Amino acid sequence: MNLLLLDQFSEMGGAQRCLLDLIPAFRERGWRISAAMPGGGPMFERMASMDVSVTRLPCRPYSSGSKTLGDFWRFASDMQDATRIVRQLVQERAIDLIYVNGPRMLPAARLSGVPFCFHAHNKLTKWHDLLVVRWALRQATVIACSEFVAGPLRPFCRPVIVPNACEDLGFRRLASGRPVRIGVVGRIAPEKGQLEFVDAVRLLGGKIPECRFVICGDDVLSRPGYKDLVLRKAAGTPISFAGWMNEPAEALRQVDVLVVPSTGADATPRVILEAFSAGVPVVAFAAGGIPELVEDGETGFLVHPRTAEALAARLAGLLHNTGELTRVAANARRKWAAGYTLERYRNQVAGLLETCVPRSRIQKSMAATAPTTPAPPRVAE
1383 MNLLLLDQFS
1393 EMGGAQRCLL
1403 DLIPAFRERG
1413 WRISAAMPGG
1423 GPMFERMASM
1433 DVSVTRLPCR
1443 PYSSGSKTLG
1453 DFWRFASDMQ
1463 DATRIVRQLV
1473 QERAIDLIYV
1483 NGPRMLPAAR
1493 LSGVPFCFHA
1503 HNKLTKWHDL
1513 LVVRWALRQA
1523 TVIACSEFVA
1533 GPLRPFCRPV
1543 IVPNACEDLG
1553 FRRLASGRPV
1563 RIGVVGRIAP
1573 EKGQLEFVDA
1583 VRLLGGKIPE
1593 CRFVICGDDV
1603 LSRPGYKDLV
1613 LRKAAGTPIS
1623 FAGWMNEPAE
1633 ALRQVDVLVV
1643 PSTGADATPR
1653 VILEAFSAGV
1663 PVVAFAAGGI
1673 PELVEDGETG
1683 FLVHPRTAEA
1693 LAARLAGLLH
1703 NTGELTRVAA
1713 NARRKWAAGY
1723 TLERYRNQVA
1733 GLLETCVPRS
1743 RIQKSMAATA
1753 PTTPAPPRVA
1763 E
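Numbering (the numbering used here), first residue to last: 1383 to 1763.
Okay, here's the thing in structure tokens:
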């Protein structure tokens, strides 16, 4: 199969890491892979380093959150150019199927003239997103990472739920004989809840002096000014900032207890699965698709309501019972091994993609396109 991967970002986020995880499975099946995405960020560079022929799309960056009328006009203009380039790639490389890793690229895929699969990683609720989805997904195969994400799509299509996964990070037990490190890992953004974490640490005060607190991450694709606000509010607290770390294992080595104070939009955060794999107990707000992963008191701890006060109270109670933390971390590791491994994820997604295109078309296109040396990254004028 000749497969074109379309991503809406070239910055590195959870959805981008999910896509990178799939490339080995595609290659094992003998598929020829091309990719296209906006910008020249870490995702673009990583694809190129994996010998994937990457084309740069002329789509300007858009931050998360509300959009202005100007944003909509710019997006419409960008999509005209992106659609032209995608159609050209489809013709030049005899593309059989397009894999769309984000809703912003749906118009280009819909107008490409070939089958496509949309992988939904976030819940779409805004009217303009759903308008595009309703038009674009009539004949598409749709994958959703959780029931939380699939719900709003059901009026327009029949999404198949394929939970996210992660590599084996190696189980480790909670260390003894040193201060417990409690931290948040991931993109610094309002929906990730770093401000709520800072407020909870302030409320804890000196109640658990044997603890250390850390925030790992940076403000990639975030609202301007949010990171500065977090830094100002954290001043005078025992919170350290570890910055962005490319490898999840490296980030999780900074914490003994992972806090996930997401405020409502998170689908199935990869960092939770990574913590499950690594044996790091999880304390999370019961938000978005998180309750689909975390069973309170069994594979982690859910916080109700989603407030700094409730988070501080839950942490204070748990840190006086490290045996409970150890038990739950072991349960979570077993849950990861049973249903969230990369092997399972790769087989499910690749298997679905194989059903999107008639075998006769694949055989014809593979015969027509002889193997070639991967082209260098291409920049659209």
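Heads up, the beta-carbon is just placed ideally off N, CA and C, and yes, glycines get one too. All values derive from a computational prediction rather than experimental measurement.
According to DSSP, is residue i helix, strand or coil?
{"i": "residue 1413", "result": "coil"}
{"i": "residue 1438", "result": "strand"}
{"i": "residue 1727", "result": "helix"}
{"i": "residue 1678", "result": "strand"}
{"i": "residue 1539", "result": "coil"}
{"i": "residue 1459", "result": "helix"}
{"i": "residue 1400", "result": "helix"}
{"i": "residue 1465", "result": "helix"}
{"i": "residue 1426", "result": "helix"}
{"i": "residue 1487", "result": "helix"}
{"i": "residue 1590", "result": "coil"}
{"i": "residue 1502", "result": "strand"}
{"i": "residue 1532", "result": "helix"}
{"i": "residue 1673", "result": "helix"}
{"i": "residue 1631", "result": "helix"}
{"i": "residue 1617", "result": "coil"}
{"i": "residue 1420", "result": "strand"}
{"i": "residue 1572", "result": "helix"}
{"i": "residue 1601", "result": "coil"}
{"i": "residue 1519", "result": "coil"}
{"i": "residue 1393", "result": "coil"}
{"i": "residue 1648", "result": "coil"}
I need the boundaries of the beta strand (DSSP E) containing residue i, first residue and last residue.
{"i": "residue 1562", "result": "1562 to 1567"}
{"i": "residue 1594", "result": "1593 to 1598"}
{"i": "residue 1433", "result": "Where residue 1433 is concerned, there is no enclosing beta strand (DSSP E), given that its DSSP letter is neither H nor E."}
{"i": "residue 1389", "result": "1384 to 1389"}
{"i": "residue 1621", "result": "1621 to 1625"}
{"i": "residue 1667", "result": "1664 to 1667"}
{"i": "residue 1653", "result": "That residue, residue 1653, is in no beta strand (DSSP E); its alpha helix (DSSP H) goes 1652 to 1660."}
{"i": "residue 1526", "result": "1523 to 1526"}
{"i": "residue 1693", "result": "First-last for residue 1693: 1690 to 1700, but that is the alpha helix (DSSP H), not the beta strand (DSSP E)."}
{"i": "residue 1684", "result": "1683 to 1685"}
{"i": "residue 1551", "result": "Segment: none, residue 1551 is in no beta strand (DSSP E) and carries neither H nor E."}
{"i": "residue 1640", "result": "1639 to 1642"}
Taking just the CA atoms, how far does residue j sit from residue i?
{"i": "residue 1480", "j": "residue 1458", "result": "20 Å"}
{"i": "residue 1510", "j": "residue 1389", "result": "19 Å"}
{"i": "residue 1476", "j": "residue 1464", "result": "18 Å"}
{"i": "residue 1534", "j": "residue 1527", "result": "13 Å"}
{"i": "residue 1416", "j": "residue 1679", "result": "44 Å"}
{"i": "residue 1763", "j": "residue 1409", "result": "Unreliable placement is indicated for residue 1763, whose pLDDT of 46 sits below 50; the coordinate value is still reported in the next sentence. Looking at the two C-alpha atoms, the distance is approximately 30 Å."}
{"i": "residue 1553", "j": "residue 1478", "result": "40 Å"}
{"i": "residue 1392", "j": "residue 1540", "result": "28 Å"}
{"i": "residue 1395", "j": "residue 1561", "result": "30 Å"}
{"i": "residue 1669", "j": "residue 1473", "result": "43 Å"}
{"i": "residue 1523", "j": "residue 1384", "result": "17 Å"}
{"i": "residue 1586", "j": "residue 1440", "result": "48 Å"}
{"i": "residue 1514", "j": "residue 1620", "result": "45 Å"}
{"i": "residue 1598", "j": "residue 1424", "result": "18 Å"}
{"i": "residue 1487", "j": "residue 1387", "result": "10 Å"}
{"i": "residue 1536", "j": "residue 1438", "result": "32 Å"}
{"i": "residue 1704", "j": "residue 1418", "result": "47 Å"}
{"i": "residue 1494", "j": "residue 1469", "result": "5 Å"}
{"i": "residue 1709", "j": "residue 1401", "result": "32 Å"}
{"i": "residue 1532", "j": "residue 1726", "result": "20 Å"}
{"i": "residue 1736", "j": "residue 1489", "result": "22 Å"}
{"i": "residue 1638", "j": "residue 1575", "result": "19 Å"}
{"i": "residue 1436", "j": "residue 1588", "result": "52 Å"}
{"i": "residue 1667", "j": "residue 1434", "result": "38 Å"}
{"i": "residue 1652", "j": "residue 1546", "result": "7 Å"}
{"i": "residue 1674", "j": "residue 1529", "result": "8 Å"}
{"i": "residue 1565", "j": "residue 1642", "result": "9 Å"}
{"i": "residue 1422", "j": "residue 1407", "result": "25 Å"}
{"i": "residue 1633", "j": "residue 1456", "result": "36 Å"}
{"i": "residue 1607", "j": "residue 1505", "result": "24 Å"}
Determine the extent of the alpha helix (DSSP H) in which residue i is found, giving its start and end residues.
{"i": "residue 1708", "result": "1704 to 1721"}
{"i": "residue 1496", "result": "Element bounds for residue 1496: n/a, residue is neither H nor E."}
Check whether the Cβ of residue i lies closer than 8 Å to any Cβ atom in chain C.
{"i": "residue 1648", "result": "As a matter of chain content, chain C is missing from the structure shown, which is built from one protein chain."}
Per DSSP, which residues does residue i bridge with? Please list them.
{"i": "residue 1737", "result": "Looking at the DSSP assignment, residue 1737 forms no beta bridge with any residue, so it has no partner."}
{"i": "residue 1479", "result": "1385"}
{"i": "residue 1606", "result": "BP columns for residue 1606 are empty, so no partner."}
Handout entry: Sufficient close CB pairs (3 or more, under 8 Å) joining the region 1563 to 1577 to the region 1597 to 1612
Key = yes
Practice task
Report yes or no: do the region 1492 to 1499 and the region 1731 to 1740 share at least 3 C-beta pairs separated by less than 8 Å?
Solution key: Touching, yes, given that three or more Cβ pairs across the two stretches are closer than 8 Å.
Problem - Cβ pair count under 8 Å reaching 3, the region 1715 to 1722 against the region 1687 to 1697 - result: no
Problem - the region 1622 to 1629 / the region 1577 to 1593 touching (three or more Cβ pairs under 8 Å) - result: no
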